[in-house]
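This note's numbering puts the first residue of the sequence shown at 280, with every later residue one more than the last. The C-beta atom is built at its ideal place from N, Cα and C for all residues, glycine as well. Okay, structure first, notes after.
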Amino acid sequence: MDKPQYYIGLMSGTSMDGVDAVLVDFSNNQTRLIATYTVAIPEHVLHQLHRLCSPNNDELNIMGRMDRSMGLLFAQAVNELLATTTINKADVIAIGSHGQTIRHMPNLEHGFSLQIGDADTIAVTTGINVIADFRRKDIALGGQGAPLVPAFHQALFAKAHTPRIILNIGGIANITYLPGESDQVIGFDTGPGNTLMDAFILQQQQLSFDESGQWAASGSTNAELLTHLLTHPYFAMAYPKSTGRELFNHAWLEQQLANFSHLALEDIQSTLLDLSCQTIANDINQLTDTGDIFVCGGGAFNTELMQRLAMLVPNFTLSSTTAIGMDPKWVEAIAFAWLAMRHHHGLTANLPAVTGASRAAILGSFYSAI
């Protein structure tokens with residue numbers, strides 16, 4: 280048996296519900312999840328992150344402070360993760376840190392995607408080398424810089440003769456289509472996953488998310504509002520495409536609800552849930568007629584969402600990634616450990632057919648702990 284090849288993956292997504300840390304062993308051409316840990320983002324930090332994600336509040340001093348604060352939080356996640364194990368940090372080859380996205384605008388003349396969470400701070404505080412800034416090279420090559428996880432999905436899950444779809448429902452939802460025996464992977468962001476539902480329940484009930492979709496389940500979807508929301512031009516765009524809070528945020532939602540103030544709050548929440556389900560299902564049904572869908576991310580734990588989505592894709596089997604051996608909570612963090620491993624070995628990690636980049640490339644930049 281080969282010596283363990285330990286890597287740590289760090290992920291904080293658009294939902295901003297915490298920093299997920301995973302310890303993974305990639306030896307013997309396998310992916311073994313060794314340990315997991317989550318650090319909550321403190322309220323005062325979360326408030327500043329939300330300000331940074333709003334285009335009207337671009338303050339460089341806030342960004343600078345939050346870059347360091349998130350770097351320290353990521354480092355805390357690593358140190359506390361390792362404290363749950365008997366593994367020495369000297370045995371960890373590298374940390375792959377996604378960072379916290381505060382702006383993703385790849386379609387400008389000079390497109391960019393900006394993540395904070397200072398990698399040097401992580402490296403120095405943990406004593407472990409860090410690979411970060413995974414999206415920049417793909418964008419430099421004319422790509423979207425997202426989604427990046429389809430390459431990982433292909434490496435891990437493209438082993439079936441029947442089509443598989445890996446559906447990640449975080450703040451934003453994205454799909455990876457693995458067409459069985461073909462190598463032609465397709466992947467893109469479908470639109471909002473949890474982000475609008477989270478924003479609405481936070482405003483109305485001061486809750487960070489709708490547990491199991493219970494509030495949405497208590498309401499009835501308003502067809503007129505749903506039809507109105509579906510007119511957003513993003514949904515009609517051809518892939519490659521990616522999106523984020525820049526398009527689908529609380530300010531946008533308030534504008535859309537201006538003529539629907541008469542609706543019951545639970546009916547609005549139900550409609551937002553159906554918006555996510557409908558846009559996901561529309562894209563899946565356009566890709567293929569049948570197959571297996573495996574869901575990861577926070578949406579996998581939203582019972583109401585899973586039930587409604589299943590009704591919209593009746594020709595597919597729908598389950599979480601648990602069915603193929605991976606806890607849905609940790610898939611994205613594991614993906615960034617995998618991306619760090621690819622960088623360390625000098626291997627390409629983007630899929631140009633997915634992102635639109637002109638070629639495959641080694642992703643990420645190296646930050647030494649020394």
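Looking only at its own chain, which residues have a Cβ that is under 8 Å from the Cβ of residue i, when we skip the five neighbours before and after it?
{"i": "D568", "result": "N594"}
{"i": "L325", "result": "M295"}
{"i": "C556", "result": "L584, R587, L588, L591"}
{"i": "I547", "result": "F479, G498, N501, L504, L536, F539"}
Tell me which residues share the same chain as residue i and place their Cβ nearer than 6 Å to its Cβ, disregarding the 5 neighbours each side in the sequence.
{"i": "M585", "result": "none"}
{"i": "C332", "result": "I381, R524"}
{"i": "P650", "result": "An answer regarding residue 650 cannot be provided, because it is not within the stretch 280 to 649 covered by the chain."}
{"i": "F275", "result": "What the structure shows of the chain is the stretch from 280 to 649, and residue 275 is not part of that stretch, so it cannot be assessed."}
{"i": "I407", "result": "K368, V371, I374, A648"}
{"i": "E359", "result": "Y316"}
{"i": "H432", "result": "I445, T455"}
Are the CB atoms of residue i and residue j nearer to each other than 9 Å?
{"i": "V298", "j": "I313", "result": "no"}
{"i": "A614", "j": "S549", "result": "no"}
{"i": "P471", "j": "L551", "result": "yes"}
{"i": "S644", "j": "D417", "result": "no"}
{"i": "T405", "j": "A369", "result": "no"}
{"i": "D562", "j": "T469", "result": "yes"}
{"i": "P519", "j": "Q423", "result": "yes"}
{"i": "I374", "j": "A619", "result": "yes"}
{"i": "V633", "j": "V464", "result": "yes"}
{"i": "A452", "j": "I366", "result": "no"}
{"i": "L420", "j": "S637", "result": "yes"}
{"i": "P426", "j": "S521", "result": "yes"}
{"i": "L544", "j": "Q483", "result": "yes"}
{"i": "F467", "j": "E503", "result": "no"}
{"i": "A437", "j": "Y646", "result": "no"}
{"i": "D571", "j": "A439", "result": "yes"}
What are the start and end residues of the alpha helix (DSSP H) that includes residue i?
{"i": "D477", "result": "474–484"}
{"i": "G350", "result": "339–362"}
{"i": "T365", "result": "Unbroken run through T365: none, as it is neither H nor E."}
{"i": "R524", "result": "No alpha helix (DSSP H) holds R524; DSSP gives it neither H nor E."}
{"i": "V298", "result": "Looking at the DSSP string, V298 is not in any alpha helix (DSSP H); the run it does join, the beta strand (DSSP E), is 298–304."}
{"i": "A495", "result": "493–496"}
{"i": "V403", "result": "398–405"}
How far does the beta strand (DSSP E) with residue i in it extend, from its first residue to its last?
{"i": "F645", "result": "644–646"}
{"i": "D571", "result": "570–575"}
{"i": "V464", "result": "Here V464 belongs to no beta strand (DSSP E), and DSSP marks it neither H nor E."}
{"i": "T567", "result": "Where T567 is concerned, there is no enclosing beta strand (DSSP E), given that its DSSP letter is neither H nor E."}
{"i": "Q651", "result": "In the structure as shown, the chain begins at 280 and stops at 649. Residue 651 is therefore absent and cannot be evaluated."}
{"i": "T455", "result": "451–457"}
{"i": "M290", "result": "285–291"}
{"i": "V446", "result": "Note that residue 446 is Leu in the sequence shown here, rather than Val. L446 -> beta strand (DSSP E) spans 443–448."}
Distance, Cα to Cα, residue i vs residue j?
{"i": "T364", "j": "L642", "result": "29 Å"}
{"i": "E460", "j": "A300", "result": "33 Å"}
{"i": "N447", "j": "Y456", "result": "12 Å"}
{"i": "A628", "j": "G635", "result": "13 Å"}
{"i": "Q485", "j": "L435", "result": "38 Å"}
{"i": "T500", "j": "D281", "result": "54 Å"}
{"i": "L505", "j": "H389", "result": "33 Å"}
{"i": "L508", "j": "G292", "result": "23 Å"}
{"i": "R330", "j": "H623", "result": "35 Å"}
{"i": "L597", "j": "L339", "result": "44 Å"}
{"i": "R415", "j": "D462", "result": "25 Å"}
{"i": "L289", "j": "A616", "result": "7 Å"}
{"i": "L361", "j": "L302", "result": "8 Å"}
{"i": "T317", "j": "S487", "result": "16 Å"}
{"i": "G350", "j": "M384", "result": "22 Å"}
{"i": "A265", "j": "Q309", "result": "In the structure as shown, the chain begins at 280 and stops at 649. Residue 265 is therefore absent and cannot be evaluated."}
{"i": "R344", "j": "Q327", "result": "9 Å"}
{"i": "Y651", "j": "A402", "result": "Outside the displayed range of the chain (280 to 649) lies residue 651, so it cannot be described from this structure."}
Please return the same chain residues whose Cβ sits closer than 7 Å to the Cβ of residue i, not counting the five positions on each side in sequence.
{"i": "Q535", "result": "H507, L508"}
{"i": "G492", "result": "L552, N581, T582, E583, L584"}
{"i": "L532", "result": "L475, A478, F479"}
{"i": "T601", "result": "P607"}
(message) If contact is defined by three or more beta carbon pairs under 8 Å, each pair taking one atom from either stretch, is the region 370–379 in contact with the region 393–404?
(response) Yes, the region 393–404 touches the region 370–379.
(message) Taking 8 Å as the cut-off, does the region 572–585 touch the region 605–613 (at least 3 CB pairs, one atom from each stretch)?
(response) Touching, yes, given that three or more Cβ pairs across the two stretches are closer than 8 Å.
(request) Would you check if the region 476–483 and the region 526–541 touch, i.e. whether three or more CB-CB distances between them fall below 8 Å? (result) Counting Cβ pairs under 8 Å, three or more are found: they touch.
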